Amino acid sequence: MPRLGPLYRAAALRRGVAAVPALPSREVTLEGVTVDRAHLADYSRVCGFRLRDELPATYPHVVAFPLAMTLMTGRDFPFPLLGLIHVANRVEVLGPLRSSASFAFGVRAEGLRPHPRGTQLDVITTATVDGALVWRDTSTYLRRGPGAPSEKGAPSDPPSPNAVWRVPRRVGADYAGVSGDRNPIHTSRVLAKVFGFPRTIAHGMWTKARCLAALEGRLPDTYSVDVAFKLPVLLPATVGFSAAAKGSGWDFGVHDERSGRPHLTGHVR
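Numbering (this note's numbering), first residue to last: 1 to 269.
Written as structure tokens, this is what we have:
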């Protein structure tokens with residue numbers, strides 16, 4: 001895997017937006033990727049999964065993170081990585097994700113499109129085993145345009161929570177350590193304030209993983225899980241988790257326990 005240090009330096013030094021934004025046509029690939037069992041154990045602990053031979057659906061996302069960083073810090077990528085907002089994520093489990101497997105990963109970008117708040121694009125990551133597609137991840141990012149309104153997240157009347165989670169401040173640093181995503185908004189209160197947050201915030205993919213951990217043992221062998229990231233979880237936090245069976249899948253969400261404002265909405269199909 002590429003080393004993350006040089007990629008973060010490249011991201012920090014990148015300035016400006018391409019005059020005519022266009023996504024790179026190339027795909028970043030790597031074969032023969034195997035699972036580090038100690039790293040898997042650390043990830044499972046941070047996100048609440050049991051340690052099993054079958055990988056959590058969100059785990060390949062962090063394994064392939066350096067490849068996504070390689071693509072998104074390249075000179076042919078139209079936007080600086082810093083400033084992109086991860087607004088949605090879809091994971092498709094299409095086959096067995098065994099920790100003993102050897103994976104081939106590919107990362108590409110597509111779907112550049114206008115959005116009322118700026119411009120959106122998708123970063124697609126795939127994993128194959130012996131040539132068979134077993135996993136696909138679609139991360140949707142927003143590049144806010146000048147004067148674009150931010151997401152407010154109006155108060156709502158959320159469902160009664162199935163569980164109340166107390167999310168400690170250390171979750172930001174713990175998840176940064178296992179995911180490689182060391183954006184300072186998750187780890188430094190001072191730098192989080194520079195970016196407009198009163199405190200550090202939890203990673204959106206940690207929140208998604210924590211929801212799937214709560215549904216562990218009740219998910220089918222193959223499925224897709226879609227989430228929309230709403231308001232950030234300011235650390236520390238107390239949040240409500242709600243889940244309801246929907247056919248053979250689930251609707252779920254995370255909301256602020258006191259205000260009812262949503263942090264994440266999602267479904268499994």
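Quick reminder that beta carbons are idealized off the backbone N, C-alpha and C, glycines included.
Keep in mind the model is a prediction, meaning the values are calculated, not measured.
>> With the cut-off set at 8 Å, would you say Leu234 and Phe197 are in Cβ contact?
In response: Yes, the pair counts as a contact, with Cβ atoms nearer than the cut-off.
> Does DSSP classify Val87 as helix, strand or coil?
Replying inline: Here Val87 sits in strand by DSSP.
> Starting from Lys193 and walking both ways along the beta strand (DSSP E), at which residues does that stretch end?
Replying inline: Premise fails: Lys193 lies in the alpha helix (DSSP H), 189–194, not in any beta strand (DSSP E).
> Based on the DSSP output, what are the partners of Pro114 in its beta bridges?
Replying inline: Beta-bridge analysis with DSSP links Pro114 to Thr119.
>> Measuring only the C-alpha atoms, how far is Tyr223 from Tyr8?
In response: If I take the Cα positions, the gap works out to 33 Å.
> I think Leu82 touches Glu54, with their Cβ atoms under 8 Å apart; what is that distance to the nearest whole Å?
Replying inline: Approximately 35 Å separates the beta-carbon atoms of Leu82 and Glu54; this is outside 8 Å, ruling out the contact.
> So, is Glu92 buried or exposed, given that buried needs 16 or more other C-beta atoms within 10 angstroms?
Replying inline: With 16 or more Cβ atoms within 10 Å of its Cβ, Glu92 is classed as buried.
> Any beta-carbon of chain C closer than 8 Å to the one on Arg113?
Replying inline: As a matter of chain content, chain C is missing from the structure shown, which is built from one protein chain.
>> Just verifying my parser: in three-state terms, what is the DSSP assignment at Pro262?
In response: Secondary structure at Pro262: strand, using DSSP grouped into helix, strand and coil.
>> Buried or exposed for Ser160, going by 16 or more other Cβ atoms inside 10 Å?
In response: Counting other Cβ atoms within 10 Å of its Cβ, Ser160 stays below 16 and is therefore classed as exposed.
> Apart from the five residues just before and just after Leu112, which ones in its own chain have a Cβ nearer than 8 Å to its Cβ?
Replying inline: Here the set comprises Pro21, Ala22, Leu23, Pro78, Thr119, Gln120, Leu121.
> What's the call for Thr187, buried or exposed, on a 16-neighbour Cβ count within 10 Å?
Replying inline: Thr187 comes out buried.
> What is the DSSP secondary structure of His39, reduced to helix, strand or coil?
Replying inline: Correct three-state label for His39: helix.
>> My output table needs one value for Phe65: the three-state DSSP class, helix, strand or coil.
In response: It is helical.
>> Quick check: the Cα distance between Arg41 and Val171, rounded to an integer number of angstroms?
In response: Correcting the residue identity first, residue 41 is Ala in this sequence and not Arg. Rounded to whole angstroms, the gap between the alpha carbons of Ala41 and Val171 is 16 Å.
> Between the segment 95–109 and the segment 29–37, do at least 3 Cβ pairs fall closer than 8 Å?
Replying inline: The segment 95–109 vs the segment 29–37: in contact.
>> If you follow the alpha helix (DSSP H) that Ser179 is in, where does it begin and where does it stop?
In response: 170–179 is the span of the alpha helix (DSSP H), which, as asked, contains Ser179.
>> By alpha-carbon positions, which one of Arg258, Leu215, Tyr59 ends up nearest to Asp36?
In response: Of Arg258, Leu215, Tyr59, the residue nearest in Cα terms is Tyr59.
> Taking one C-beta from the segment 197–217 and one from the segment 253–265 each time, how about it: are there three or more such pairs within less than 8 Å?
Replying inline: Short answer: they touch.
>> Rounded to whole angstroms, what is the Cα-Cα separation between Arg136 and Gly180?
In response: Arg136 and Gly180 have their C-alpha atoms some 20 Å from each other.
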